[in-house]
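Numbering (this note's numbering), first residue to last: 919 to 1038.
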């Protein structure tokens, strides 16, 4: 199972349309058989067909996605809809430890990225 949807994020170089990837999972008894990889490849194919040029997602298993052609990014991501602290800083929208893009060769911008909402 995987969910994909278009999303516009704001980067240091302007607005960028991405293909958001979320909710990737498989039944534990089916893991290791290639089903998860097939589902993610099908989701990434949406971007490969020109609908969106890059996929953006969070994960706790970066090695799995790296094998499929993704790479980690180290931007500071914010959700301005969730302000916290006395200085009004935007809260970190991701809950997983790694944020990645696909394809790895995509020229992803440096600097902050405004998700425009919560992580997914």
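From the three backbone atoms N, C-alpha and C, an ideal C-beta is built for every residue, glycine too.
Short Cβ contact (8 angstroms threshold) for residue 929 with residue 1031: Along the chain shown, one-based indexing puts residue 929 at 11. Along the chain shown, one-based indexing puts residue 1031 at 113. Yes.
Selection from 989, 1011, 961 that minimises the alpha carbon distance to residue 998: Working through the chain shown from its first residue, we reach residue 998 at position 80. Of 989, 1011, 961, the residue nearest in Cα terms is 1011.
Whole-number beta carbon distance between residue 977 and residue 1016, since they are thought to touch under 8 angstroms: Here residue 1016 is taken as the residue at index 98 of the chain shown, counted from 1. Here residue 977 is taken as the residue at index 59 of the chain shown, counted from 1. Indeed they touch by this definition, with Cβ atoms about 5 angstroms apart.
Host alpha helix (DSSP H) of residue 981 (start-end): Numbered from its first residue, the chain shown carries residue 981 at position 63. Residue 981 -> alpha helix (DSSP H) spans 980-985.
Endpoints, beta strand (DSSP E) assigned at residue 932: Taking the chain shown and counting its residues from 1, one reaches residue 932 at position 14. Counted as a single uninterrupted DSSP element, the beta strand (DSSP E) harbouring residue 932 occupies residues 932-940.
Spatial distance of residue 941 from residue 984 (CA atoms): Taking the first residue of the chain shown as position 1, residue 941 is located at position 23. Taking the first residue of the chain shown as position 1, residue 984 is located at position 66. Cα-Cα distance, rounded: 18 angstroms.
Euclidean distance between Cα positions of residue 996 and residue 1034: What you label residue 996 is simply residue 78 of the chain shown in a count that begins at 1. What you label residue 1034 is simply residue 116 of the chain shown in a count that begins at 1. Cα to Cα, residue 996 sits roughly 8 angstroms from residue 1034.
Limits of the unbroken beta strand (DSSP E) element including residue 924: To locate residue 924, count along the chain shown from 1; it is residue 6. 921-929 is the extent of the beta strand (DSSP E) around residue 924.
Which of helix, strand or coil DSSP assigns to residue 1020: Taking the chain shown and counting its residues from 1, one reaches residue 1020 at position 102. The answer is strand: DSSP assigns residue 1020 an E or B state.
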